[in-house]
Ligand SMILES: Cc1cc2nc3c(=O)[nH]c(=O)nc-3n(C[C@H](O)[C@H](O)[C@H](O)COP(=O)(O)OP(=O)(O)OC[C@H]3O[C@@H](n4cnc5c(N)ncnc54)[C@H](O)[C@@H]3O)c2cc1C
Ligand code: FES
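What follows is the structure, given as structure tokens:
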């Protein structure tokens, strides 16, 4: 299979303009003849649905929560990047582009990243026009803060609830179109299959989560905006419902899954406290602007943090990375935390934690300033741990947070299946092997507001309205397959709950395909996963019926997909015999323990193709060419 | 700790529903309330009993999905806390806990503790937005907004749309929810342009959905996990009278 990236020729800075000129347009009067299905109502899905409806297309939008406003984007805390250079500190489109490519450890596609940096500025304008209450200075201009991996202040924020405010902006734009009758919204509907007709994506099969009814929806194109798969680790900062199902079902229908092993482990989360734990809570990276990370110098030092004198503390990030200090990128900070805990210097009951200390900042700036900046995060921390972070340092530890991998897409954000577009966290496109903080919100909104609405028009203009309806035989067949699967899950009546299997899978993935990986471990994972999967299909206990609200059944479907998908992750991590970004292969590190890339052999996107039940997936490579930046060793020292 | 739970069970919208009693054993004080229910559910499944259905997703107090009335109080006893962030250290061994769904005519029960809150979406669809299309907007710094206006807008914008305000109100009024959106947009120049149209449309939809009126008990503010102030309701009323005068 030849992977065509469709990246336009010409100078990097001119590509997007040129492409917009070359794309075919749909005549405004004809737009209403085209039907688009958008699965997902997060930043990517809601912004795309609203923008496309404004243009005049017929849009249907789906989400599994009870309202589009509850998509997981709502939980993003810290901020959104944009190359506005409002702080006059030397930022530019080029710098944002460069930081993102470098932050991704030179494993992303230059042209896509450059376009992202270009449209970033329009996003902020759009959101302000919608009434998003970003933080402001006394003079009335917008405030910025710094985020990891950058030395300029380009992050816009709304207290610690930036994702919420951006999503509500997009949700309101979407609500306006729903009210106008231009978007048909289907909440509490889960997409469980995608339907191809003559090789083109023409619709989806859903299960109504209230009634259990299985139903087809036909269209001229399908857009997946279904978020990331961080919950493959069971414990993660993602919402409980986040899953890989939509992307995985598309994969089984022939869409390529790119770089599945690039999963981001976020350095600042509240540590695990017990086996019952159902999720982990992120403490925004923005806290690293003012908090200092440290552990005791001595092993097993269990004095109270306040009793440990300055000279017996190791501010290890400041020590190892003097120029970025506490703002070193996520992958590097996470591994550094793991390292000090592995050495026996971790803190808290479990020894899997490090301090994030605000004492200095409170002394310097006063409690009120810190409260204004992070009040809600401090509150959240106190609620969960019962400790007051104004007086005792926070304890934090890395957790699964974001997935750079996703369905492979070309420059038009279309997968290798014609008509199937993928946006937001669900695609693989812009972050390479590691995402910088505040860049996912930017990408989701860039894709949804400013890229997809154009590129999908080109697809429509080239292919014309399909006229395909739900009566087509392919839909009937897919419905039947799904009904059979539901029956099968309900008929096992085994002895273990769905959560049991999810937790076991999470352990395998964290141990063998987590923050650090090696050949033997990955092979071990590949041995354990199929066994667990077999046990699942023989011994899972899903009560209730198909034709009713049944949350165990919903979970069972998602976990069944994770149990297959996990294997592709391990295959990918095994194939990538180098370290890059968040993918750390223990065999490849420098003497100081930093990731050692191998550009000669691995400067490619690994795109995996489904090869049939029980078969190892087939690898396709998109070679990455860097024409504008020099491949350098990342250094944050 | 060990607890006795009395939980509302209702198979579907047409079922009459009833309270059932379950034991929660070996509960750890660090668990969240929802994690405690997870443990109970694992146990129920083992016994072949349909698990208790409740809404939840983010489990960090921001999506607005979780929605339980605990011992008569929406989101339970802790101030400014959603149930998903309520931890078991606030309960003690031997406690009896009553768990019920939001109760309001406009929020019909779907199953067990899950209700249909789509009425809130329809109120926003009626006017809870600024009518701008994508693209062609002015530079974000073109219109200065004072920090205090931006802060005020943000105070109201924090609403997570959970519906606790409605569940707490004896009139099942949605005025805190509606007032919060109106007050947010009224504080910003971008929102002022269509302020009149907005308040009329949202209030009309609110009435149509069957929410009651505010009679100043302020139970809504007391249970709001985001501590949205009832000043939002006053603001809404002012905006509404302004719009009536034309
Ligand atoms: C705690 C946390 C904090 C974060 N903070 C930041 C930050 O400060 N800055 C930043 O840039 N990024 C941040 N991120 C990352 C960022 O929030 C996400 O990457 C981004 O919001 C994803 O948006 P999305 O639209 O792609 O997906 P989501 O918002 O996850 O939306 C997915 C949508 O798809 C729907 N869906 C999924 N599967 C199906 C299906 N099968 N059928 C029907 N519907 C389906 C869901 O209902 C939902 O509507 C954070 C992430 C987390 C977890
Ligand atoms: S589960 Fe999201 S607010 Fe409680």
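Protein chains in written order, with the numbering used here: chain A, 1114 to 1750; chain B, 47 to 292.
Beta carbons are placed, not taken as given, at the ideal position from N, Cα and C, and that holds for glycine.
Beta-carbon gap between residue i and residue j smaller than 8 Å
i, j, result
"residue 1400 (chain A)", "residue 1363 (chain A)", "no"
"residue 1277 (chain A)", "residue 95 (chain B)", "no"
"residue 1456 (chain A)", "residue 1412 (chain A)", "yes"
"residue 1651 (chain A)", "residue 1699 (chain A)", "no"
"residue 1195 (chain A)", "residue 1254 (chain A)", "no"
"residue 1588 (chain A)", "residue 1308 (chain A)", "yes"
"residue 1528 (chain A)", "residue 1359 (chain A)", "no"
"residue 1454 (chain A)", "residue 1298 (chain A)", "no"
"residue 51 (chain B)", "residue 143 (chain B)", "yes"
"residue 1494 (chain A)", "residue 1581 (chain A)", "no"
"residue 167 (chain B)", "residue 1180 (chain A)", "yes"
Simplified DSSP assignment, three categories, for residue i
i, result
"residue 1601 (chain A)", "helix"
"residue 1751 (chain A)", "Within the shown structure, residues of chain A are numbered from 1114 to 1750, placing residue 1751 (chain A) beyond reach of any answer."
"residue 1466 (chain A)", "coil"
"residue 1264 (chain A)", "coil"
"residue 1272 (chain A)", "coil"
"residue 1129 (chain A)", "helix"
"residue 153 (chain B)", "coil"
"residue 1371 (chain A)", "strand"
"residue 1245 (chain A)", "coil"
"residue 1258 (chain A)", "strand"
"residue 1437 (chain A)", "coil"
"residue 1227 (chain A)", "helix"
"residue 111 (chain B)", "coil"
"residue 1407 (chain A)", "strand"
"residue 273 (chain B)", "coil"
"residue 1329 (chain A)", "strand"
"residue 189 (chain B)", "coil"
"residue 136 (chain B)", "helix"
"residue 1637 (chain A)", "helix"
Distance cut-off 7 Å: residue i Cβ against heavy atoms of ligand 4
i, result
"residue 84 (chain B)", "The model on display carries ligand 1 and ligand 2 but not ligand 4."
Chain B contact residues for residue i, given Cβ-Cβ distances below 7 Å
i, result
"residue 1353 (chain A)", "102, 103, 105"
"residue 1392 (chain A)", "105"
"residue 1398 (chain A)", "Residues of chain B passing the Cβ test: none, with the nearest at roughly 15 Å."
Start-to-end residues for the alpha helix (DSSP H) that takes in residue i
i, result
"residue 1174 (chain A)", "No alpha helix (DSSP H) contains residue 1174 (chain A), which is instead part of the beta strand (DSSP E) from 1171 to 1175."
"residue 1625 (chain A)", "1611 to 1626"
"residue 1165 (chain A)", "1156 to 1168"
"residue 236 (chain B)", "235 to 238"
"residue 248 (chain B)", "241 to 254"
"residue 1568 (chain A)", "1565 to 1576"
"residue 232 (chain B)", "221 to 232"
Listed by chain order, chain B residues near residue i by CB distance under 9 Å
i, result
"residue 1349 (chain A)", "Chain B residues near residue 1349 (chain A): none, gap ~11 Å exceeds 9 Å."
"residue 1610 (chain A)", "87, 88, 91, 92, 97"
"residue 1164 (chain A)", "179, 180, 181"
"residue 1202 (chain A)", "Neighbours of residue 1202 (chain A) on chain B: none; closest Cβ ~15 Å, over 9 Å."
Chain-ordered neighbours of residue i on chain A, where CB pairs are closer than 8 Å
i, result
"residue 81 (chain B)", "1389, 1390, 1391"
"residue 164 (chain B)", "1179, 1180, 1300"
Residue i, enclosing beta strand (DSSP E) - first and last residue
i, result
"residue 1321 (chain A)", "1313 to 1321"
"residue 1381 (chain A)", "1376 to 1382"
"residue 142 (chain B)", "142 to 147"
"residue 1731 (chain A)", "1731 to 1736"
"residue 1308 (chain A)", "1302 to 1310"
Amino acids of chain A, ordered along the chain, whose beta-carbon sits closer than 7 Å to that of residue i
i, result
"residue 135 (chain B)", "1499"
"residue 187 (chain B)", "1199, 1254, 1255"
**contact_flag[the segment 200 to 210 of chain B, the segment 171 to 187 of chain B] where n(CB pairs < 8 Å) is 3 or more** = no
**Prompt:** Any chance the segment 1324 to 1344 of chain A sits against the segment 1145 to 1159 of chain A, with 3 or more Cβ pairs inside 8 Å?
**Reply:** yes
**Message:** Counting beta carbon pairs with one atom in the segment 112 to 127 of chain B and one in the segment 208 to 218 of chain B, are three or more of them shorter than 8 Å?
**Reply:** yes
**Asked** Is the number of C-beta pairs between the segment 1316 to 1328 of chain A and the segment 1486 to 1493 of chain A that are closer than 8 Å three or more?
**Response** Counting C-beta pairs closer than 8 Å gives fewer than three between the segment 1316 to 1328 of chain A and the segment 1486 to 1493 of chain A, which falls short of the contact rule.
**Prompt:** With contact counted as at least three CB pairs below 8 Å, one residue from each stretch, are the segment 1702 to 1719 of chain A and the segment 1355 to 1373 of chain A in contact?
**Reply:** yes
**Message:** Pairs of beta-carbons, one from the segment 1190 to 1205 of chain A and one from the segment 1262 to 1279 of chain A, closer than 8 Å: are there three or more?
**Reply:** yes
**Item:** Stretch pair the segment 1446 to 1454 of chain A + the segment 1499 to 1517 of chain A: three plus CB contacts closer than 8 Å
**Value:** yes
**Prompt:** Is the number of C-beta pairs between the segment 1515 to 1529 of chain A and the segment 1553 to 1566 of chain A that are closer than 8 Å three or more?
**Reply:** By the Cβ criterion, the segment 1515 to 1529 of chain A is in contact with the segment 1553 to 1566 of chain A, since at least three pairs of Cβ atoms, one from each stretch, lie closer than 8 Å.
**Message:** Measuring CB atoms only, is the segment 123 to 134 of chain B touching the segment 161 to 172 of chain B, in the sense that at least three cross pairs come out at less than 8 Å?
**Reply:** no
**Asked** Pairing CB atoms from the segment 222 to 231 of chain B with CB atoms from the segment 179 to 187 of chain B, are three or more of them under 8 Å?
**Response** no
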